[in-house]
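Read in order, the letters of the sequence shown are residues 1 to 767 in UniProt numbering.
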Amino acid sequence: MSEGQPFLSAQARGPANAGQEGLWVVQSIGRAGTAYQEVLALNLEGALDIQRLEQAVDRVVRRHPSLRSCFVAGPQGLEQCVWSMGGPQMVAEPVAPGHLQGWMAHQQQLPFNLSVAPLFRVRLAVLGPNHHVVLIVVHHIIVDGWSLGVFERDLSAFYAAGPHAGLPELSTSPIDHARRERERAHTPAWREAQRFWSQYLAGIPRVAAQSGSQALTQALHLDGQATQALLAVARQLKVSAFALGFGAFAVAMSTLTERDDLVLATDFSGRTEPTYEPVIGLFVNQIPLRWSMSPGLTGASAAQQAQRLTREVLAHAHLPYPLIVEACQHAGGQLFEGKFVLHNMPRHPVHLEGLKVQVSGGQGADPKFPVLLELWEQGDGLSGSVTIDPSRSRLTPQLLAQRFHAVLESIVLTPQRPLGRVAPAPAAPAFVPSRRRVDVTTDPVSITPSTVAPRPTLIECPSADVDLSRWAHKECDVIETHLRRSGAVLFRGFGLNSSDMFARAVKQLGGEPLPYVQRSTPRSEVEAGVYTSTEYPADQSIFFHSENAYATCWPARLFFFCETPAAEGGRTPLADCRAVLKQLPEMIRNAFERHGVIYRRRFRPGLGLSWQQVFAVDDLDTLERQYVQQGYRFSRGSHNELVADLAVPAVVTHPDTGEVAWFNHAALFHPAALSEALGEVAAGQDVSQLQAMETLLGDGSAIPAEWIAQIRRAYVAASFAFDWQQGDLLMLDNRLTAHGREPFTAPRRILVAMTHAQRHQPLLKEF
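Take a look at the structure:
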């Protein structure tokens, strides 16, 4: 058959459902553009039997009436007509690989005439002898997301077995569904649903109708680890994964729009009977949910509020969305300002014998909604996208994606932590004219999330006009979430060019800078709380360490500022302390966790810093009075040297995430590490006497040299390094991320600041 030319007589005719009527109206008045033209692309590698594929598509079309339907106005309203026709003839079209995306976009943009069947088309691109792309473009008026999964299953079955596919018999059709919907229209349950929606959505502002503007999109991805964490917290809170995701979306929308009262939406499958499940057709319904951003809302309460709202509205989800709009007397525009969809419809892998198949989907370039965030399963994680209509929303997809990620992680990592209250926005027009393009408020700051710790999350600004301190004050929750996950955040391009600007940024990001106490290396104080990095020979490296882990007081936050990058080398490599601990053999891990460590410092002339420099006191009585109570034990060693021992834990638990991390200086302050640095010079010597500081196990025994070698290898395996640029500011979670320094060619000037003072719980020992 030729496309768009149905036979003279219809096989069946019946009413359209309310959702189809709504789409027909929007499409007929020209507002929708190609927004409702859905795409399914099959990338096929291998020897394709085109005739066999054509026959499989033909059988799918003959099985499902909706794929043979069109829509016409009848005496009782809009009707769907089902024609007796088969699938389209598949014509192979040569397409150069470099032109594939343009070819697909062109095919997707070709409009459908809703009064002429079929409302889908199949195109075949030939990229090479054994490389094809099958493109299916279908109008949303005859399918929903669930239907695409049914299409994939049926196509695979018919390609494999032809007429003997063994698919379940279809006992209903989209026309049957529409008839039942009309029968319910005069029932008490229907009238009750109308009353509910009228009261539930009273007083909401109008949202502009579609304007045909170009969609703005941003991809989303949650890896398997993040997805499993999400599911675990959902189980802990006794909510669904949808509720947790919707709660994060609602909080992100509320904070970005500065609105306490928002109407958002989601999809309801509408397949309320098992007989609907194997049918291709439009059954889905849109359900509004009214969100309230109350003061003190925590991650847990946000997820629980989303769960409660979902239960409340699902009792009335049988009322089709166009009739919800009608019940609210809300003519024109839409009821909701954003939509969240967590796709859970069955999807069936496409199996075509002898072919490697990769399936991808797509939407029209014209956006359906002001804001749409959708997620679906991919592998062991979740993938998705943010799509925004710039004529109806001032948000950008990048900003919403970043905020959604940040809020979701905050809910997952610290569910009892308040998410903050959003102050009501100043008065603004409730309706944005649909034909006027609104200037989009763009944030020039971009955030590239870390793919794996310790690679820092990169927060970059191409304009030096953005004040980092002010931006950080506004986005503190976003920064905190990224810091907890990756352990490091790198700020770049904010125009920092002085120690004073660095100090101001540190105060905003981490609070008042700390003095450098119980120091182990020489540093110069540039201004209050800002120091030079370790003044150590440029040709030497400094191994990974957690800042001041050897002291009774250490910083939770660490900041580095690149005033002058090195001419060559001089990177600050980072290591993920969580990964270091996991990589260590169980025997080593257990010994350090059970005993902790002892840091032994020796003070004698010519060996490192003096005790007066380290402890900032001038006499021994004051030294003992101030530091014994903090856990130090002082004694006299050989050569009349003063020995200071401090026993502390070797691992720490992060207070926000509950993660356990390696946190000690064994790999740096140990004779084996010094021997490695000194090489042949140390051969045959007791190098422990050359060290100002040594690390022992907490029971006083020496740490075997082979253990130190394994610990150092674990650091290297869990490390990442980047090249400094002038003006860079690096923020570290000191518990999660260790740092070091590579040799360099001068000049190089890196400044350091520390904040958030912490104290060990001393492991007191009798010596």
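All residues carry an ideal CB built from backbone N, CA and C; glycine is no exception. Predicted, not measured: the structure shown is a model, and the values here were computed from it.
Beta-ladder partner(s) of residue i, from DSSP
{"i": "Phe120", "result": "Val138"}
{"i": "Leu282", "result": "Bridge partners of Leu282: none, in fact."}
{"i": "Pro555", "result": "Ala757"}
{"i": "Val207", "result": "Gln334"}
{"i": "Met731", "result": "Val489 and Phe559"}
{"i": "Ala738", "result": "Ala575"}
{"i": "Lys339", "result": "Ala265 and Leu372"}
{"i": "Pro15", "result": "Glu79"}
{"i": "Val643", "result": "Arg602 and Ser635"}
{"i": "Gly569", "result": "Phe744"}
{"i": "Glu377", "result": "Leu382"}
{"i": "residue 818", "result": "A query on residue 818 cannot be resolved here, the shown segment of the chain reaching from 1 to 767 and no further."}
{"i": "Pro94", "result": "Val126"}
{"i": "Tyr276", "result": "Answer is none; Tyr276 lacks a bridge partner."}
Outcome for residue i when other beta-carbon atoms lying within 10 angstroms are tallied against a minimum of 16
{"i": "Gln725", "result": "exposed"}
{"i": "Thr737", "result": "buried"}
{"i": "Leu342", "result": "buried"}
{"i": "Glu525", "result": "exposed"}
{"i": "residue 791", "result": "For the chain, the structure presents residues 1 to 767; residue 791 sits outside this window and is missing."}
{"i": "Val25", "result": "exposed"}
{"i": "Asn130", "result": "exposed"}
{"i": "Val440", "result": "Low confidence applies here, because Val440 scores a pLDDT of 28, under 50, leaving its location unreliable; read the following figure in that light. Flag for Val440 reads exposed."}
{"i": "Ile447", "result": "buried"}
{"i": "Ala425", "result": "Low local confidence applies: a pLDDT of 32 at Ala425 is under 50, so the model's placement there is unreliable, and no value is given."}
{"i": "Asp576", "result": "buried"}
{"i": "Ser115", "result": "exposed"}
{"i": "Arg435", "result": "Its pLDDT being 25, under 50, Arg435 is placed unreliably in this model, and the value from its coordinates should be taken loosely. By the 10 Å Cβ count, Arg435 comes out exposed."}
{"i": "Leu678", "result": "With a pLDDT of only 41 at Leu678, under 50, the local geometry of the prediction cannot be trusted, and the value read off the model is given with reservation. Looking at its Cβ environment, which holds fewer than 16 other Cβ atoms inside 10 Å, Leu678 is exposed."}
{"i": "Asp618", "result": "exposed"}
{"i": "Leu282", "result": "buried"}
{"i": "His132", "result": "buried"}
{"i": "Asn17", "result": "buried"}
{"i": "Ser393", "result": "buried"}
{"i": "Asp154", "result": "buried"}
{"i": "Arg748", "result": "buried"}
{"i": "Arg311", "result": "exposed"}
{"i": "residue 768", "result": "Residue 768 is absent from the model: the chain starts at 1 and stops at 767."}
{"i": "Ala705", "result": "exposed"}
Among the options, nearest to residue i - alpha-carbon criterion
{"i": "His64", "options": "Val628, Tyr276 and Ala96", "result": "Tyr276"}
{"i": "Pro522", "options": "Gly493, His595, Pro278 and Thr534", "result": "Thr534"}
{"i": "Thr272", "options": "Gln304, Leu335 and His177", "result": "His177"}
{"i": "Thr266", "options": "Pro278, Thr257 and Phe246", "result": "Phe246"}
{"i": "residue 768", "options": "Arg153, Tyr321, Ala406 and His670", "result": "This structure gives no information on residue 768, because the portion of the chain shown stretches from 1 to 767."}
{"i": "Pro649", "options": "Phe744, Gln710, Leu623 and Tyr550", "result": "Tyr550"}
{"i": "Ser198", "options": "Gln416, Gln107 and Glu326", "result": "Glu326"}
{"i": "Ala717", "options": "Leu584, Asp58, Met345 and Asn664", "result": "Leu584"}
{"i": "Leu668", "options": "Met693, Leu620 and Gly727", "result": "Met693"}
{"i": "Asp500", "options": "Ala472, Pro515 and Tyr531", "result": "Tyr531"}
{"i": "Ser385", "options": "Leu395, Leu373 and Glu377", "result": "Leu373"}
{"i": "Ser69", "options": "Gln76, Val82 and Asp58", "result": "Val82"}
Residue j beta carbon less than 9 Å from that of residue i
{"i": "Gln758", "j": "Pro555", "result": "yes"}
{"i": "Ser66", "j": "Ile142", "result": "yes"}
{"i": "Ala250", "j": "Ala302", "result": "yes"}
{"i": "Pro370", "j": "Ile324", "result": "no"}
{"i": "Ala35", "j": "Pro295", "result": "no"}
{"i": "Gly740", "j": "Phe544", "result": "yes"}
{"i": "Gly338", "j": "Leu419", "result": "no"}
{"i": "Val350", "j": "Leu42", "result": "yes"}
{"i": "Ala661", "j": "Gly510", "result": "no"}
{"i": "Ser383", "j": "Ala226", "result": "no"}
{"i": "Gly14", "j": "Glu79", "result": "yes"}
{"i": "Phe158", "j": "Val60", "result": "yes"}
{"i": "Leu40", "j": "Leu352", "result": "no"}
{"i": "Ala746", "j": "Ala616", "result": "no"}
{"i": "Phe404", "j": "Ala243", "result": "no"}
{"i": "Glu563", "j": "Asn734", "result": "no"}
Interface flag, residue i vs chain C, CB-CB below 9 Å
{"i": "Gln194", "result": "Looking for chain C here will not work: only one protein chain is present."}
Exercise. Which residue spans inside the segment 446-511 form an unbroken beta strand (DSSP E) run of at least 3?
Worked result: The segment 446-511 contains these whole beta strand (DSSP E) runs: 446-448, 457-460 and 488-492.
For this session: Kindly provide the ranges of any alpha helix (DSSP H) runs that are 4 or more residues long and lie completely inside the segment 584-637, ordered along the chain.
Result: The alpha helix (DSSP H) runs of length 4 or more contained entirely in the segment 584-637 are, from start to end of the chain, 586-595, 611-615 and 620-627.
Exercise. What residue ranges within the segment 686-716 form continuous beta strand (DSSP E) runs of no fewer than 3 residues, ordered along the chain?
Worked result: Within the segment 686-716, the complete beta strand (DSSP E) segments of 3 residues or longer fall at 693-697, listed in chain order.
Problem set entry | Complete runs of the alpha helix (DSSP H) confined to the segment 38-87 [at least 4 residues] | Contiguous alpha helix (DSSP H) elements confined to the segment 38-87 occur at 50-63, taking only those with 4 or more residues.
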